[in-house]
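Asker:
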Amino acid sequence: MVQDLRLILIVVGAIAIIALLLHGLWTSSKERSSIFRDRPHKRIKPNREESFQEDDDRHQNSPLRVKRALLEDEDAEDDYSDVTVSPAAAKPQQVPTRPRDTQSEIDPLLDAETDQEPETTLIHQQSSPPVHSVPENSMQPAEPQIEVVREKAGPAAESPVAKSERSKETVLVLHVAAHVGGVLNGEALLQGILQAGFQFGEMNIFHRHLSPAGSGPVLFSLANMVKPGSFNPDEMSDFSTPGISIFMMVPSYGDANQNFKLMLQSAQRIADDVGGVVLDDERRMMTPQKLEAYKARIREVTEVNG
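Quick note: the sequence shown uses full-length UniProt numbering, first residue 1, plus one each step.
Rendered as structure tokens:
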């Protein structure tokens, strides 16, 4: 019994010792693996930082880095000058001095290409102040000029000189013409003119007086459409013409509108007697719109003389 118990204790102790040895080996291998896994990362990170530092140190004094720094400084100076200096107070002589000083300080570190770059930016800086200053200076006197023009245009439109330039008199003309390709017979024309109340008179033309008998002031007159426009009553039987013209001066004696109405009636009567047509002053067919234009001309002249 005692021997069996001793054997059991020996076996249990051996198992415990083996378990402790295995646990120790496992923990040591775990720590060793973690150490080997961390070492490359720690080595790569310093090497990478050292490579970045070496690259920065290598390119710190390179012409490209100096050129980039110069351009950034010049852009910063341009922004500062645009914000602080107003275009009205800016002096073009002072603008290029600052880039020239900067260029003289960096010239020993730059090659031929970097010498040309600041010159182009310098030209741009020299040309920029007039671009900002000229439009503002030119825009300021523009408003008073417009106001002066408006002040001059206002009284000119209402001045009595412009009112006097409007026509104080006008001539209203009507035509009695034959149809296309035809002529008016002289004998029939003479009969129609006399029946319309015209009388032969001065300048060898016919006149319509206030009285059909030929007394009183002349209201309107009748002439030949063909030059010289005169007639010979003794030869009217052998006479022919493409048309006649009836004209009236405005203002005239009495009511101009009534006189024009009488002239239109006389022209229509003569046209009916000789087989012609009544035309306007442009030798076109008479229309209601044209009659309104005649009345407007009479009204305008009447207002000017009234």
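No residue lacks a Cβ here, since even glycine has one placed at the ideal position from N, Cα and C.
(1) Can you tell me the Cα-Cα spacing of Gly197 and Leu262, whole angstroms?
(2) Measuring CB to CB, does Glu187 end up less than 8 Å from Met236?
(3) Apart from the five residues on each side of it in sequence, which residues of its chain come closer than 6 Å, Cβ to Cβ, to Ser159?
(4) Grab me the residues of Asn305's own chain with a C-beta within less than 7 Å of its C-beta, minus the 5 sequence neighbours each way, in chain order.
(5) My guess is that residue 307 and Gln268 are in contact by the Cβ rule of under 8 Å, so how many angstroms apart are they, rounded?
(6) Could you compute how far the alpha carbon of Gln258 sits from the alpha carbon of Ser266?
(7) Please state the DSSP three-state secondary structure of Thr102.
(8) Of all the options Gln195, Gly192, His175, which has the alpha carbon lying nearest to the alpha carbon of Leu264?
(9) Taking the alpha helix (DSSP H) that Met286 belongs to, which residues open and close that run?
(10) Just how far apart, CA to CA, sit Leu20 and Leu5?
(11) When we look at the beta-carbon of Met248 and count the other beta-carbons within 10 Å, is it buried (16 or more) or exposed?
(12) Check for me: the beta strand (DSSP E) holding Leu172 runs from which residue to which?
(13) Pull up the distance between the alpha-carbon of Thr287 and that of Ala293, whole angstroms please.
(14) How would you label Arg208, buried or exposed, when you count the other beta carbons within 10 angstroms and need 16 or more for buried?
(15) Does DSSP classify Phe52 as helix, strand or coil?
(16) Alpha carbon to alpha carbon, how far is Ile270 from Ala177? Give it in angstroms, no decimals.
(17) Among residues of its own chain, excluding the 5 on either side of Leu190, which ones have a beta-carbon nearer than 6 Å to its beta-carbon?
(18) In the structure shown, what three-state DSSP assignment does Ala162 receive?
Answerer: This is what the structure gives:
(1) Your numbering for residue 197 matches position 197 in the sequence shown. Your numbering for residue 262 matches position 262 in the sequence shown. Spanning the two alpha carbons is a distance of roughly 11 Å.
(2) Working through the sequence shown from its first residue, we reach residue 187 at position 187. Working through the sequence shown from its first residue, we reach residue 236 at position 236. Cβ atoms of Glu187 and Met236: closer than 8 Å.
(3) As a working mapping, residue 159 is identified with position 159 in the sequence shown. With a pLDDT of 47 at Ser159, under the threshold of 50, the modelled position of this residue cannot be trusted, and the question is left open.
(4) Here residue 305 refers to the residue found at position 305 when the sequence shown is read from its first residue. Contacts found: Lys168, Pro251.
(5) Here the chain has residues from 1 to 306 only, and residue 307 is not among them.
(6) Mapped onto the sequence shown, residue 258 falls at position 258. Mapped onto the sequence shown, residue 266 falls at position 266. One alpha carbon belongs to Gln258, the other to Ser266, and they sit about 12 Å apart.
(7) Stepping through the sequence shown from its first residue, residue 102 is reached at position 102. Interpretation of Thr102 is limited by its pLDDT of 41, a score under 50 that renders its predicted location unreliable; no figure is taken from the coordinates.
(8) Indexing the sequence shown from 1 puts residue 264 at position 264. Distances from the CA of Leu264 to each of Gln195, Gly192, His175 were compared; the closest alpha carbon is that of His175.
(9) On the sequence shown, residue 286 is found 286 positions in, with the first residue counted as 1. First-last for Met286: undefined, no H or E at that position.
(10) In the sequence shown, residue 20 corresponds to position 20, counting from 1. In the sequence shown, residue 5 corresponds to position 5, counting from 1. Cα-Cα distance, rounded: 22 Å.
(11) On the sequence shown, position 248 is the one that residue 248 refers to. Buried: at least 16 other Cβ atoms inside 10 Å.
(12) Reading the sequence shown from its first residue, position 172 is the one you call residue 172. According to the DSSP assignment, Leu172 belongs to the beta strand (DSSP E) that extends over 170 to 177.
(13) Counting from one through the sequence shown, the residue named residue 287 turns up at place 287. Counting from one through the sequence shown, the residue named residue 293 turns up at place 293. Distance between the alpha carbons of Thr287 and Ala293 is about 10 Å.
(14) Numbered from its first residue, the sequence shown carries residue 208 at position 208. Answer is buried; the Cβ neighbour count reaches 16.
(15) Here residue 52 corresponds to residue number 52 of the sequence shown, with the count starting at 1. With a pLDDT of 49 at Phe52, under the threshold of 50, the predicted position of this residue should be treated as unreliable, though the coordinate-derived value follows. In the structure shown, Phe52 sits in a helix (DSSP, three-state: H, G or I).
(16) Here the question's residue 177 lines up with position 177 in the sequence shown. Here the question's residue 270 lines up with position 270 in the sequence shown. Separation of Ala177 and Ile270 (C-alpha to C-alpha, rounded to the nearest whole angstrom) is 10 Å.
(17) Along the sequence shown, read from residue 1 onward, the residue named residue 190 stands at position 190. For Leu190, same chain residues with a beta-carbon under 6 Å away, outside a window of 5 residues either side, are Met236 in chain order.
(18) Counting from 1 along the sequence shown, the entry for residue 162 is found at position 162. Per-residue confidence for Ala162 stands at a pLDDT of 49, beneath the threshold of 50, marking its modelled position as unreliable; the derived number appears in the next sentence. In the structure shown, Ala162 sits in a helix (DSSP, three-state: H, G or I).
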